[in-house]
Structure formats: structure tokens, C-alpha cells
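Taken in sequence, the protein lines are chains G and Z.
Taking the UniProt record's numbering, the leading residue of the first sequence gets 1, the next gets one more, and so forth.
Taking the UniProt record's numbering, the leading residue of the second sequence gets 1, the next gets one more, and so forth.
Every residue, glycine too, gets a C-beta built ideally from N, C-alpha and C.
There are 2 protein chains.
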Amino acid sequence: MTARPAGRPAPTLESVAALAGVSRATAGRVLAGSTTVGEQSREAVLRAATELSYVTNRAARSLMTRRSDSVAFVVGESEERFLADPHFALLLRGAHAALAGQDVQLVFSILAGDAERQRFEHFARGGHLDGVILVSLHGDDPLPRRLLDAAVPVVLSGRPYRPVDGLAYVDADNAGGARSAVELLLDRGRKRIATITGPLDMPAALDRRDGFHAGLDASGMRPHGTADGDFSVAGGRRAMEELIAADPGIDAVFAANDLMAFGAMQVLAEHGRRVPDDVALVGFDDSPLAASVHPALTTVRQPVVAMGAAMAARLMTVFGEGPGDPVPLIMPTELVLRGTA
Amino acid sequence: MTARPAGRPAPTLESVAALAGVSRATAGRVLAGSTTVGEQSREAVLRAATELSYVTNRAARSLMTRRSDSVAFVVGESEERFLADPHFALLLRGAHAALAGQDVQLVFSILAGDAERQRFEHFARGGHLDGVILVSLHGDDPLPRRLLDAAVPVVLSGRPYRPVDGLAYVDADNAGGARSAVELLLDRGRKRIATITGPLDMPAALDRRDGFHAGLDASGMRPHGTADGDFSVAGGRRAMEELIAADPGIDAVFAANDLMAFGAMQVLAEHGRRVPDDVALVGFDDSPLAASVHPALTTVRQPVVAMGAAMAARLMTVFGEGPGDPVPLIMPTELVLRGTA
DNA sequence: GTGAAAGCGCTAACAA
DNA sequence: TTGTTAGCGCTTTCAC
């Protein structure tokens with residue numbers, strides 16, 4: 001189907017040129033923003049284009065330029081968990097915002113299962129994408145390497161599990177953020193501090209855990225418990241139960257993301273522990289719900305929307321660059337003081 | 001850039017044909033799945049295509065077929081709220097799943113602000129989209145009508161605020177679901193039942209409110225309070241505060257979505273009301289968090305992923321159809337009994 | 001069953 | 001500054 005009432009064919013550059021009384025080439029120049037065009041022609045073309053409400057045919061353009069003018073936003077996760085996390089939507093929003101106005105399409109894809117992974121890789125290698133934003137990869141996923149080998153520009157959300165030559169990425173200062181959370185807890189006079197980690201096949205979880213330990217070490221203290229979660233509310237609940245069972249005396253918890261912190265809050269309440277009086281709590285993300293729970297969650301904010309935008313922007317500039325290792329972009333975090341610590 | 005190591009040009013149909021020793025036309029026929037091709041040629045072509053890892057150039061194909069092989073998923077909402085709601089991600093996932101394997105791209109867009117709306121409409125009218133999935137529109141948005149007028153197939157998520165001729169949509173049985181929630185509360189012996197509504201410029205909120213009233217009417221009862229929320233946790237909190245202030249004696253609440261129910265749960269706890277003993281609570285959505293809060297939320301499940309898939313499927317079939325009013329698809333809801341009622 | 005040839009609408013190289 | 005020309009890679013008649 002053509003998106004147009006039957007009978008009226010889509011206006012082409014040809015028809016715009018005809019109406020403006022110039023050649024197709026000149027019309028093309030004007031629409032492409034070339035400056036080497038006479039004032040008269042320019043105006044005539046612009047008027048004609050508006051008149052016909054002309055829209056460039058991207059297929060024809062792509063064929064010539066060998067660019068697709070589209071960027072993929074790819075979620076490398078078969079599980080539901082990541083999509084349920086607002087983090088994902090905010091990254092997407094940021095990427096979209098950065099691309100809006102650039103005349104670049106955002107193609108969305110989820111890699112659920114091997115079949116889809118293969119289809120996607122095939123598609124990407126076919127030159128149908130000017131770049132790929134890769135999000136929520138686990139472990140040592142070979143996809144970035146493979147795309148790079150096929151000369152497809154890639155930007156990763158978060159550092160790769162293992163360093164990959166030539167791979168660009170945008171990350172938050174996870175270790176620094178975690179450390180600042182611990183320091184806050186220490187400032188508040190807490191002595192028995194535990195942590196709930198994220199899934200340890202993800203670099204973000206690893207870095208937050210390391211930052212947590214670094215913060216304690218710096219004060220000559222030791223963790224009073226570590227329980228592994230999975231970045232979900234339910235995982236946070238389980239981990240908190242573990243922590244309490246192992247050491248009923250803990251007086252502070254750093255959860256590696258907000259969802260797990262919410263789970264921990266529930267469990268603490270169920271065990272009759274008051275937050276923050278008995279147990280102080282700090283999360284990570286500053287997700288949209290953090291301000292709405294009660295008491296409101298003290299957390300480490302990472303600029304997720306800005307990170308999404310940065311990834312898209314990175315991709316746009318990478319297009320022009322030659323070989324050489326791209327510089328990772330590490331965005332600062334910020335402690336948001338609210339009611340739980 | 002071409003997504004391919006410099007020097008090695010992307011294989012074309014031409015090169016596949018050459019390697020297979022047939023004409024480009026025959027190669028094309030095989031790859032398009034035509035049956036009028038000899039067994040020998042077919043095998044030769046398939047082998048050659050695999051050998052070269054050939055990928056059809058979509059731009060060239062689009063140019064010929066006048067189809068874009070892409071569908072847009074469009075969020076008509078400038079506000080953050082909708083994106084933070086897991087509902088959105090699940091719809092997206094469903095739509096993506098239905099399109100996977102169909103060789104159709106999912107183009108993602110958010111209509112934040114007038115500039116973006118215009119750009120999008122222009123783009124869509126340009127015939128760059130085979131169809132549009134429209135999500136989270138407010139009030140009497142003219143966009144569906146305008147797209148339809150431009151002969152762009154549209155499927156709406158949820159019924160339109162006002163009926164629009166020829167507009168396809170997929171909705172949940174909001175009124176029925178709300179009604180079943182009320183009936184549960186009545187079954188539990190509750191007498192003083194209030195509701196927290198969604199934003200009343202959205203049909204889903206309206207229909208749930210109406211279903212709530214219908215359920216009460218059927219038993220000859222009247223609502224003990226109505227407070228308007230906005231589908232957010234914070235809005236649910238505010239509404240619950242209102243409800244308690246207006247009538248401290250209420251013994252049940254139906255919240256028009258889960259996020260507001262979460263807010264209500266917090267406020268009830270803060271006021272020393274036990275859930276469900278003192279006040280029973282039913283939400284709507286069965287969002288991923290509903291099972292994780294404590295007590296776990298009793299709620300009305302709507303099949304969101306299936307709805308997203310249905311919208312995409314609808315779009316694919318609409319392509320072929322002629323004029324005539326499409327039949328709306330109303331998906332059933334289901335009461336999920338958990339701890340709050 | 002297969003091939004030759006004609007474009008789809010655009011951009012880019014070259015002339016003028 | 002402008003126009004002419006030559007394709008980009010594909011699908012699709014139309015012959016054979």
C-alpha cells in the first residue's frame with residue numbers, strides 16, 4: 001500500500017522541480033541545503049515543495065548514499081525483567097530525543113532467543129543500519145565484537161564484561177556512586193553495613209559491588225553481609241531475608257538498584273525494622289518510583305536519559321571517525337538524599 | 001558508511017546470480033519464494049546466497065514495491081508517566097514479537113511536543129510507513145483521523161475518545177474487568193466501597209470507572225467515595241488520602257491501575273489500616289510488580305503482551321483489506337486473586 | 001522455466 | 001549557478 005489516497009501519487013523530486021521550473025538536480029540541491037543555488041531558484045523550489053507537501057523518498061536516497069539513516073536500539077535480553085525496569089524506557093527516551101530532528105529513524109529490536117539474534121545480526125551485517133545501540137547484554141556476549149567486525153558502529157550501554165578493542169560505550173560511574181552511598185551511611189554513623197548486589201554477570205552490578213567494598217575499606221571497615229539479587233523487587237526481597245537471617249543486627253543496607261531497595265523496604269517493614277531509624281537504606285538509579293514510596297528512597301541518581309542521548313550522539317559522530325579506540329564516556333552520579341538514609 | 005569491511009562490497013542479487021550461473025531475474029524469483037523455478041536453479045541460487053551471505057537490499061526493494069516494510073510504534077505522550085509504566089514496555093514487546101520473523105522493522109517514536117508531532121505526521125504521510133501503532137493518546141487527539149485520511153493504516157491501543165470511522169483498535173474489556181473487581185469486593189462482604197480513577201481524558205480510565213459503577217448498581221449499592229488519580233503512584237497516594245479524609249469508614253477500594261493501588265497501599269499502611277483486614281484493595285493491570293509487593297496485590301489482569309501482538313497482527317492484515325469499518329478487538333480480562341482482597 | 005530490459009526516485013559527477 | 005547523465009539494487013513485465 002502507498003500511504004496516500006488512491007489516484008494521487010506521491011510527489012517526487014521531479015514534480016517539485018517541474019513546478020518550480022528548475023531541473024531535478026537544482027531542486028535536490030535546495031532540499032539538501034546546498035548554498036550554491038540562486039536565491040530565486042531556492043525560493044521557487046521551497047514553495048513548490050511545500051505546495052506539494054513533498055517528502056523525500058528515503059529508499060531512493062538510501063540506494064544512492066548507501067546510508068540507511070536509521071539506528072537500531074537493541075535489547076539483548078530474553079527475560080522480561082529488563083523491560084519492566086523504567087531504566088530501559090528512559091534510555092530509549094534519551095536515544096530517541098537525541099535522534100529527533102536528525103532525520104534518523106530509531107529501529108527497535110529485542111533479541112529474544114537465538115533465532116532473533118541471528119536474524120538481527122544478518123540484518124545488521126547487510127548494511128541496513130548506520131549504527132547500533134546495545135543495551136542490557138549479559139556476560140561475555142560476542143555480539144558487539146561481531147558487529148564491529150562487520151564494520152557496524154556500535155555503542156554499548158555500560159562497559160563490556162571484558163574489554164573489546166574499538167568498542168565505544170557510555171556508562172555511569174557505578175563504583176563512584178556506590179562508594180558515595182557507603183560514605184553517606186558511614187556519615188550517618190552506621191557500623192554494620194550490608195549490600196544487596198545485582199546479577200554478577202553484569203558489569204554494572206560488579207562495579208557497584210566493588211565501589212561498596214572500596215568505600216568500606218577506606219574507612220577500615222568490613223561488610224556485614226552480602227547477598228546477591230537480580231535487580232528485581234522479588235530478588236531484593238529474597239536477598240534482604242538472607243541478610244536479616246544471617247545478621248539480625250545490621251543497621252544499613254546498600255542495594256545495587258532501586259527495585260531491589262523497594263523489596264528490601266518491604267521485608268524490613270515485615271520484620272518490624274523501622275527505616276531509617278533501625279536500618280538505613282540507599283538504592284541506586286533514582287527510578288521514577290523512588291520519590292513515591294514511603295519513606296522516600298535515598299538513592300544514587302544516574303542520568304539515564306542523558307546516557308541514552310549520549311549513546312545516540314556518540315553513534316552519530318562515530319560515523320565519521322576512522323579507526324582507533326573510542327574514548328568511553330563515564331557519566332557522573334549524584335546522591336539524592338531523601339527519607340531512607 | 002557501509003556496514004562492511006572496506007574493499008569487500010555488499011553482495012548483490014547480481015553477484016548471487018553470477019555465482020549460481022543464472023540470471024538476476026531467476027535469482028530474484030528463488031529468493032522471493034516463487035515456485036516457478038527449476039529445482040537445479042533453485043538449489044544453485046540458494047547455495048550462492050548462503051555462500052556470499054547475501055542480504056536483500058531493502059532500499060532497492062522498497063523503491064520497486066512501494067512498501068517500506070516497516071511499522072511505527074508511536075507513543076503520543078509528552079509526559080514521562082507512561083514510559084515509566086511497565087504497561088508500555090509490554091505492549092512494545094508484544095508488537096515486536098508479532099513482527100519478528102515477518103521481515104518488518106519496528107520504528108519507534110515518541111511524540112513529545114508539536115515539532116515532533118508534525119515531523120512524524122509529515123514522515124508518515126510520505127509513505128514511509130506501512131502502518132502505525134498508536135499508543136497512549138489523550139483526549140480527542142486528531143492524529144488517527146489525519147493518518148487515516150492520508151491512507152496510512154492505523155491501529156490504536158484502546159478505544160478512541162470519540163468514535164472515528166474506519167479506525168481499528170485493540171482494547172481490554174475495561175468495564176467488564178472493573179465490574180468483576182467490584183463483584184469480588186462485594187463477595188468479600190464489603191459495604192463501603194470507593195474507587196480511585198485514572199485520568200479522565202483517557203477512555204480506559206472512563207470505562208473502568210463506569211464498570212465500577214455498573215457493578216455497584218447491579219447490587220443496589222452506591223459508591224462510598226471517588227477520587228481522581230492519574231495512573232501514577234503519587235496520584236494514587238493523593239487520591240487515597242482524599243478518600244480517607246472524606247470517609248474514614250471505607251472498607252474497600254478499587255484502583256483503576258496497579259501503580260495507584262501501590263500508592264494507596266502505602267497510605268493505608270501509614271494510617272494504620274490493615275490490608276485486607278480493614279480495607280480490601282483491588283488494582284488493574286497485573287503489572288510485574290503486583291506479585292512482589294506485600295501483601296501481594298489482587299488485581300485485574302489484562303493481556304498486555306497479547307494486545308501488543310494483536311495490534312501488530314491487525315496492521316499486517318489491514319494492509320490487504322479494502323474500505324469498511326474494521327472490527328475492534330476487545331480482549332478479556334481476568335481477576336488475579338492475591339493477598340489484598 | 002528462464003532471460004532481457006525497463007524503470008522505481010534519488011544523488012553525484014561532470015559539463016556547460 | 002545550473003542542467004544532463006549515469007547509475008544505486010531490486011522487482012516485474014514481456015518475450016522466448
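Quick check on the burial criterion: 16 or more other C-beta atoms within 10 angstroms. Buried or exposed for residue i?
i                     : result
Ala182 (chain G)      : A small correction: the amino acid at residue 182 (chain G) is Val; Ala does not occupy that position in the sequence shown. Val182 (chain G) is buried by the Cβ-count criterion.
Pro203 (chain G)      : buried
Ala32 (chain G)       : exposed
Ser292 (chain Z)      : buried
His122 (chain Z)      : exposed
Gly94 (chain Z)       : buried
His11 (chain Z)       : In the sequence on display, residue 11 (chain Z) carries Pro and not His. Classification for Pro11 (chain Z): buried.
Ala98 (chain G)       : buried
Asp207 (chain G)      : buried
Gly220 (chain G)      : exposed
Met265 (chain G)      : buried
Leu200 (chain Z)      : exposed
Ser232 (chain Z)      : buried
residue 345 (chain Z) : Beyond the ends of chain Z as shown, which are 1 and 341, falls residue 345 (chain Z); an answer cannot be given.
Apart from the five residues on each side of it in sequence, which residues of its chain come closer than 8 Å, Cβ to Cβ, to residue i?
i                : result
Asp69 (chain Z)  : Arg58, Arg61, Ser62, Asp103, Val104, Gln105 and Asp130
Asp251 (chain Z) : Arg190, Lys191, Arg192, Ile193, Asp278, Val279 and Ala280
Arg162 (chain G) : Asp140
Please tell me whether residue i has its Cβ less than 8 Å away from any Cβ of chain Z.
i                : result
Ile244 (chain G) : no
Ser62 (chain G)  : yes
Val182 (chain G) : no
Leu148 (chain G) : no
Glu51 (chain G)  : no
Leu143 (chain G) : no
Leu315 (chain G) : no
Pro248 (chain G) : no
Val71 (chain G)  : no
Glu241 (chain G) : no
Glu80 (chain G)  : yes
Arg238 (chain G) : no
Leu92 (chain G)  : yes
Val336 (chain G) : no
With 8 Å as the threshold, decide whether the Cβ of residue i is near any Cβ in chain G.
i                : result
Ser109 (chain Z) : yes
Val74 (chain Z)  : no
Gly263 (chain Z) : yes
Gln266 (chain Z) : yes
Phe88 (chain Z)  : yes
Gly222 (chain Z) : It should be noted that the sequence gives Arg, not Gly, for residue 222 (chain Z). So, not an interface residue.
Ala84 (chain Z)  : yes
Ala214 (chain Z) : no
Ala255 (chain Z) : no
Arg192 (chain Z) : no
Arg58 (chain Z)  : yes
Ala234 (chain Z) : yes
Arg4 (chain Z)   : Note that Arg4 (chain Z) scores a pLDDT of 43, beneath 50, so its modelled location is shaky and nothing firm can be said.
CB-CB under 6 Å to residue i, same chain, minus the five flanking residues each way: which ones, in chain order?
i                : result
Phe108 (chain G) : Phe73
Gly339 (chain G) : Pro295 and Ala296
His96 (chain G)  : Leu106
Asp286 (chain G) : Thr299, Arg301 and Val336
Phe88 (chain Z)  : Phe82
Pro326 (chain G) : Ala168
Ala312 (chain Z) : Ala95, Ala98 and Leu99
Asp171 (chain Z) : Gly158, Arg159 and Ile330
Gly177 (chain G) : Val300 and Thr333
Val75 (chain G)  : Ile110, Val135 and Ser136
Leaving out five residues before and five after residue i in sequence, what residues of the same chain have Cβ atoms less than 7 Å from its Cβ?
i               : result
Arg24 (chain Z) : Leu13, Glu14 and Ala17
Requested in this report: Closer than 8 Å, Cβ to Cβ, to anything on chain G: give me those residues from the stretch 150-178 of chain Z, in chain order.
Outcome: Of all residues in the stretch 150-178 of chain Z, those with a C-beta nearer than 8 Å to a C-beta of chain G are Ala150, Ala151, Val152 and Pro153, reading in chain order.
Query raised in the report: Given a limit of 8 Å on CB to CB distance, which residues of the stretch 111-137 of chain Z reach chain G?
Result: The residues in question are Ala112, Ala115, Glu116, Arg119, His122, Phe123, Ala124, Arg125, Gly126, Gly127, His128, Leu129 and Asp130.
Requested in this report: Name, going along the chain, the residues of the stretch 95-106 of chain Z whose beta-carbon falls closer than 7 Å to a beta-carbon of chain G.
Outcome: Of all residues in the stretch 95-106 of chain Z, only His96, Ala100, Gln105 and Leu106 come within less than 7 Å of chain G when Cβ atoms are compared, listed by chain position.
Query raised in the report: In the stretch 289-307 of chain G, which residues sit with their C-beta less than 8 Å from some C-beta in chain Z, listed in chain order?
Result: Cβ proximity to chain Z below 8 Å picks out Leu289, Ala291, Ser292, Val293 and His294 from the stretch 289-307 of chain G.
Query raised in the report: What alpha helix (DSSP H) runs, 4 residues minimum, are completely inside the UniProt domain "HTH lacI-type" (11-65) of chain G?
Result: Look at the UniProt domain "HTH lacI-type" (11-65) of chain G and you find these whole runs of alpha helix (DSSP H), each 4 residues long or longer: 13-20, 24-32, 39-52 and 58-65.
Report task. Could I get the ranges of all uninterrupted beta strand (DSSP E) runs contained in the stretch 272-302 of chain Z, with 3 residues as the minimum, in chain order? Result -> Counting whole runs of 3 or more residues, the stretch 272-302 of chain Z contains the beta strand (DSSP E) stretches 280-285 and 298-301.
Query raised in the report: At what residue ranges does the stretch 229-269 of chain G contain a whole run of the beta strand (DSSP E), taking only runs of 3 or more?
Result: Those beta strand (DSSP E) runs which fall completely within the stretch 229-269 of chain G and span 3+ residues are 252-255.
Query raised in the report: Which of the residues in the stretch 266-283 of chain Z, read from start to end, lie with their CB under 7 Å from any CB of chain G?
Result: Taking 7 Å as the cut-off between beta carbons, the residues of the stretch 266-283 of chain Z near chain G are Gln266 and Glu270, in sequence order.
Query raised in the report: Counting only runs that start and end within the stretch 147-215 of chain G, where is the beta strand (DSSP E) found for 3 or more residues in a row?
Result: Here the runs fully enclosed are 154-157, 168-172 and 193-197.
Query - Under 8 Å (Cβ pairs) to chain Z, residues found in the stretch 8-19 of chain G - result: Answer set for the stretch 8-19 of chain G: Ala10.
Query raised in the report: Listed in chain order, which residues of the stretch 16-48 of chain Z have Cβ atoms closer than 9 Å to some Cβ of chain G?
Result: Listed in sequence order: no entries.
Report task. Would you list, in sequence order, the uninterrupted alpha helix (DSSP H) runs of no fewer than 4 residues that lie entirely inside the stretch 71-99 of chain G? Result -> List check, alpha helix (DSSP H) in window: 81-84 and 86-99.
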